[in-house]
Each structure stands twice: as C-alpha cells, then as structure tokens.
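Quick notes on the structure that follows.
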Amino acid sequence: MDLTYTPEQQAFRAEVRAWLEAHVPAQPLEHYDATREGFEAHRQWEATLKSGDWGMVTWPKEYGGRGLDLIQWLIFEEEYYRSGAPGRVNQNGIFLLGPTLMEFGTHEQKQRFLPPMASGEEIWAQAWSEPQAGSDLAGVRATAVKDGDEYVLNGHKIWSSRAAFADWAFGLFREPGSERHKGMSLIFFRLDQPGVTRNPIRKINGHVGFAEIFLDNVRVPAFNRLGDEGQGWHICMATAGFERGLMLRSPARFQEAAAALAALWQERKGQCDPAIEADVIRAHMNADAYALSIYQTASRLMAGAKIGPEASTNKIFWSEMDIHLHETALAILGAEAELIPPTGEHEWLDDYIFSLAGPIYAGSNEIQRNIIAERMLGLPR
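FYI, numbering that gives the first Met the number 0 numbers position 198 of the sequence shown as 197, with every residue one higher than the one before it.
Take a look at the structure:
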C-alpha cells in the first residue's frame, strides 16, 4: 500500500473541499431521526450532493456516481467530515444495499434502484432483525411465498433503522418450512404499500431512530428479489461485510472526533486529571490506526480481493474505539457534560450515548468474536 497521494488524488481532494465549502449548510440541520422535517431536510441535502455528482462517488456514472475508486472515496469522506457536512440519511442504502446491488443485482435492478438511491429520492431502511432474530439472523421467521410473478410477504421486523420515515426497506425472508441458513431470500418492499404497518421506536434521546414493521400479505414483484431464490444468506453476509468492514463507519468520522477531543483537552487540561492525556493520545492513535487499516482494505479490494471474516475485527475495533473516545471526552468535561446542550459541532454526551450501541448493531461483538474464533483462527464452535 502506497501511503503517498498522487497529484491526481491531491487535485481531487482540492475539488471536493472547494465544492463542500460552497455548499455545506451554514446552520446544522435538525437530526434526521428527530422529526419528519429533519428527515426531509436531509433528503434535500442528498439531492444537493447529487447535483454535484457526489451522491456516491464510487458508483458508475450510469447509476448516479462518478466511477471513482475506493481511495478517492476515502479522500471524499475525509473532506466531508472535515467540512462538518450533515450526516447521510441514506447510509443504509448507499453504503450497505448499494454495494450489494453492484455485486448481485441485474443490470435492470441497478438501473431501477441505484440512481434514486444516490439522489435521495428514495431512502432505504434495513429490515433484518426480528423479535426472535437479532445478531443471529439465521433465526429469521418472516416468510416469502411465491405466487406467480409475485412474492407474498408476512412477518414482523424490528429495530429497522430509519424505517419510521424511509421509503423502502430490504429484508430477509424465508421459504415456509426452511430452517437456519437455507431457503432465505433478500427482498425489497415499499414501506407505504398496502399490508405494511410501521410503528416508530424512540431512542433514549427521544429521536425516532427505528421502527418495527408488520407485514400482512404484502405483495411485491419477483423483480424485487436480489440474487437467486434461496441465496439470501450468502448475499446477507456480503452486505454484513460492507457494514462491518469498510463503508458504514468511515475512518474520517473517528479522525475528526479524535481531533476535536485533542482540542478539548488542550482547552481544559488545566482543570483535569493529567492522567487523562494518555487516553487522549490513545484515542488519536486508534483513529489513525483504523484509517490505515481501511486504506489497506481498500487497496486489497481494488486489487481484486473480497471482504472476508476479517471484517469482524474491524467492527469490534471501531465500536470499542468509539466508546473509549467519548468516555475520554466525558472524563474531561466531568459533570459539565450534562449541562452542555446538544447543539454544538461535537455533541459529546449525545454521541457517547449513541456509541454505546456500537457493540450491538451490525452484529453484536460477542457474535463477531465467535466469527473470528471459528472462521479466522479455526477454533471449534
């Protein structure tokens, strides 16, 4: 892996920086989980990004992208977080489903779903988890019964990210009578169609971050199945690789937070326990180490490799790093952290509360350690 940037990459960084400086809203947007209005404001931001062809830079131009490589995507992400741009409301679509569609979708499916995904016209939710199937997705019970050129969906999904306001969802469904990893398919459905009921679930901060979804004889065209019938588990694991190992948690996110933490320490170190400095340094080193790891992964993928079970090591690392970084910030702020309203550039308390979910979503860290033990180290179940 070459750690130096080419002149072309440096010119690309300058282009990204100039565009973001001209277009990032001067005032922060209301969080997309907070209200319908906040969600729609973020949808409009996605449209603004698309107007500059920044919706998803790695996708081919015919699908709404720029046809750039993963190193350029990482450069874009670094400039995106540096600029303080709004969070991506469609990250379930562009970072998880989008790459999976690229790998398993037909040309017609890519033409249909990717351009409106890149523009924010269609926002996606992830509908995997069920009351009996959280980290162990092989326990999914929702069904898909083939009826002519349609599927009839029935079941109950829960903890579906962004489903309260999103337009579409992608979910795992199984053929009745099948068990565990066999007989599952990945199917898309609209969240506003007949037979779909969604109940918002509020997070501890009051935001509507999730919804539970009930499906009662919901009919969708067979066109909405991704990959072959019964291939759902294999496709799902590919999506999980993107979620855990590369795109969902950009290293730039943590590098910007680590830089803000260092600035906070410089501002307040005279009022704090000097021993906290070691944690500030550790947080900064961890963020840079994670960035280098992702650059290495991107270089491997560009050379033809695939994301494998090592994605689980990334997931454990970034989720635990995030908690430590924010615990360090709260140690610096002390009791004052609870008095600072969540309106600034770095909402330390609110972000700390969110970081606590990191070891749970995208597959709990306990499950990830089992994957590492069995698939990477060859240990028995």
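No residue lacks a Cβ here, since even glycine has one placed at the ideal position from N, Cα and C.
**OP:** Measure the Cβ-Cβ separation of tryptophan 123 and alanine 165 and say whether it is below 7 Å.
**Re:** A contact, by the Cβ cut-off of 7 Å.
Original post:
By Cβ distance, which residues of its chain are closer than 6 Å to lysine 202, with the 5 residues on each side in sequence left out?
Top reply: Gly208
Original post:
Using a Cβ-Cβ cut-off of 8 Å (strictly less than) and excluding sequence neighbours within five positions of proline 175, which residues of its own chain qualify?
Top reply: Around proline 175, the same chain offers Thr142 and Val144 as residues with beta carbons nearer than 8 Å, after the five sequence neighbours per side are excluded.
**OP:** Please classify glycine 343: does DSSP put it in a helix, a strand, or coil?
**Re:** Per-residue confidence for glycine 343 stands at a pLDDT of 49, beneath the threshold of 50, marking its modelled position as unreliable; the derived number appears in the next sentence. Coil.
**OP:** Tell me whether phenylalanine 253 is buried or exposed, calling it buried when 16 or more other Cβ atoms sit within 10 Å of its Cβ.
**Re:** buried
Subject >> C-alpha distance - glycine 343 paired with proline 115, whole-angstrom precision >> reply: Annotation note: pLDDT 49 at glycine 343 (below 50); position unreliable, coordinate value reported separately. Using only the alpha carbons, I get a separation of about 32 Å.
**OP:** Compare the C-alpha of serine 82 against each of Glu36, Phe112, Glu14 and Gly104 and name the closest.
**Re:** Looking at Glu36, Phe112, Glu14 and Gly104, the one whose alpha-carbon comes closest to that of serine 82 is Glu14.
Subject >> phenylalanine 253, DSSP secondary structure in three states >> reply: helix
Original post:
What's the C-alpha gap between alanine 132 and isoleucine 359?
Top reply: Distance between the alpha carbons of alanine 132 and isoleucine 359: 13 Å.
Subject >> Separation of arginine 380 from glutamate 373, as counted between CA atoms >> reply: 6 Å
**OP:** Following the continuous alpha helix (DSSP H) through lysine 181, name the residue where it begins and the one where it ends.
**Re:** From DSSP, lysine 181 is part of no alpha helix (DSSP H); its letter is neither H nor E.
Subject >> Beta-carbon contacts of glutamate 77 that lie in its chain and below 7 Å, excluding the five residues immediately before and after >> reply: Ala251
Original post:
On the three-state DSSP scale, how would you describe isoleucine 186?
Top reply: Note: isoleucine 186 maps to strand in three-state DSSP.
Original post:
Can you tell me where the beta strand (DSSP E) with serine 159 in it begins and where it stops?
Top reply: 149-160
Original post:
Between which two residues does the beta strand (DSSP E) containing glutamate 167 stretch?
Top reply: The sequence given here has tryptophan at residue 167, not glutamate. Run containing tryptophan 167: 167-173, per the beta strand (DSSP E) assignment.
Original post:
Where does asparagine 89 sit, in a helix, a strand or coil, going by DSSP?
Top reply: coil
Original post:
My guess is that glycine 97 and tryptophan 58 are in contact by the Cβ rule of under 8 Å, so how many angstroms apart are they, rounded?
Top reply: 7 Å
Subject >> Residues that asparagine 198 bridges to, as DSSP identifies them >> reply: Glu211
**OP:** Tell me, please, which residues DSSP counts as bridged to valine 23.
**Re:** DSSP output for valine 23 lists no bridge partner at all.
**OP:** Select from Ile74, Glu129 and Asp349 the residue whose C-alpha is nearest the C-alpha of tryptophan 158.
**Re:** Glu129
Subject >> Helix, strand or coil at leucine 100 [DSSP, three-state] >> reply: helix
Subject >> Beta-carbon proximity of arginine 383 to serine 177, cut-off 7 Å >> reply: Residue numbering for the chain in the displayed model covers 0 to 380; residue 383 lies beyond these limits and cannot be assessed.
**OP:** Let me know the secondary structure DSSP gives alanine 143 once reduced to three states.
**Re:** strand
**OP:** Just grab the DSSP bridge partners of valine 217 for me.
**Re:** Assignment of beta-bridge partners to valine 217 by DSSP yields Leu152.
Original post:
Do the region 347-363 and the region 322-335 make contact, defined as three or more Cβ pairs closer than 8 Å?
Top reply: yes
Original post:
Can you give the Cα-Cα distance for leucine 113 and alanine 286, rounded to whole angstroms?
Top reply: A direct Cα-to-Cα measurement between leucine 113 and alanine 286 gives close to 31 Å.
Original post:
alanine 334 by DSSP, collapsed to three states: which one?
Top reply: helix
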